[in-house]
Structures are given as C-alpha cells and as structure tokens.
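Numbering (this note's numbering), first residue to last: 9 to 117.
Beta carbons are placed, not taken as given, at the ideal position from N, Cα and C, and that holds for glycine.
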Amino acid sequence: MLDFAFATHQEICAELGQRLKRQRLVQALTQKDLAARAGVALGTVKNLETKGVSSLESLIRIVMTLGLLDELASLFALRATHSIAQMERAQLAERKRAPSRSRLATKHD
C-alpha cells in the first residue's frame with residue numbers, strides 16, 4: 009500500500025483511482041454501468057481509474073454510487089489542536105469572513 013506521506017500528488021491520485029477501480033470490480037460493475045449510475049461520462053470513470061484525474065463533483069458522484077460516502081466523512085476535518093497558538097489560529101479561521109463587496113468598493117474608491 010502506498011505511503012501517502014512520501015508520495016507525490018500524481019502517485020496519490022493514481023492510487024486512489026486504483027482503489028476505486030477495485031471497489032467497482034468487487035461490486036461487479038462495469039465502467040459503463042458505474043458511469044451511468046453516477047451520472048458521469050464513461051471517459052470520466054476511465055480517467056479516474058487509470059490516471060486519478062477527475063473533477064471533485066465527479067469523484068463524489070462515483071464515491072456515492074459505490075456506497076463509499078462514509079469514507080469522505082472525516083476527510084479534511086479540523087484536527088485537535090496541540091497548543092494555545094494553534095487553538096487561537098483555529099478560532100480565528102472559523103470567525104474570519106471575507107470582506108463584503110461594498111467594503112471592498114469603498115476602499116478602492
């Protein structure tokens with residue numbers, strides 16, 4: 009199994025594509041069947057499985073179709089903080105909002 013900590017982004021993409029392919033095969037689905045059920049093009053499934061290339065939306069459609077949505081639940085979840093500085097940064101990140109367009113317009117006028 010690929011160690012993601014030492015892999016390139018291309019290797020990680022290819023590995024995830026292969027994992028999805030194995031899931032599809034275990035469920036006895038053809039690429040065409042998966043594409044139809046997920047509402048994506050056949051080429052999308054082929055590209056995902058061989059190159060690990062896909063839009064995020066297509067990836068999620070395929071993951072949902074394969075019944076693997078639970079696998080995404082913890083993806084990018086905010087990790088527990090280990091220091092006061094990390095806690096403060098996490099709080100600021102949650103409270104920080106982008107400036108409104110009206111405030112941006114008045115600053116540039």
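Across the structure, Ala49 and Gln18 are spaced so that their CA atoms are roughly 22 Å apart.
Secondary structure remark: continuous alpha helix (DSSP H) runs of at least 4 residues inside the stretch 11-86, in chain order: 17-34, 39-46, 50-59, 64-73.
When the five nearest sequence neighbours on each side are left out, no beta carbon in the same chain lies closer than 8 Å to the beta carbon of Leu83. In chain order, Leu28, Leu77, Glu79, Leu80 place their CB closer than 8 Å to the CB of Val71, counting only its own chain and leaving out the 5 sequence neighbours on each side. Less than 8 Å divides the Cβ of Leu56 from the Cβ of Gly25. Of the residues Lys40, Phe12, Thr58, Phe14, the one whose Cα lies closest to the Cα of Ala22 is Thr58.
Residue nearest to Thr38 within the set Ala85, Arg97, Phe12, Leu74 is Leu74 (criterion: CA-CA distance).
Counting the other CB atoms within 10 Å of its CB gives Arg97 a total below 16, which places it among the exposed residues. Residue burial annotation: Gly60 is buried, with at least 16 other C-beta atoms found within 10 angstroms of its C-beta.
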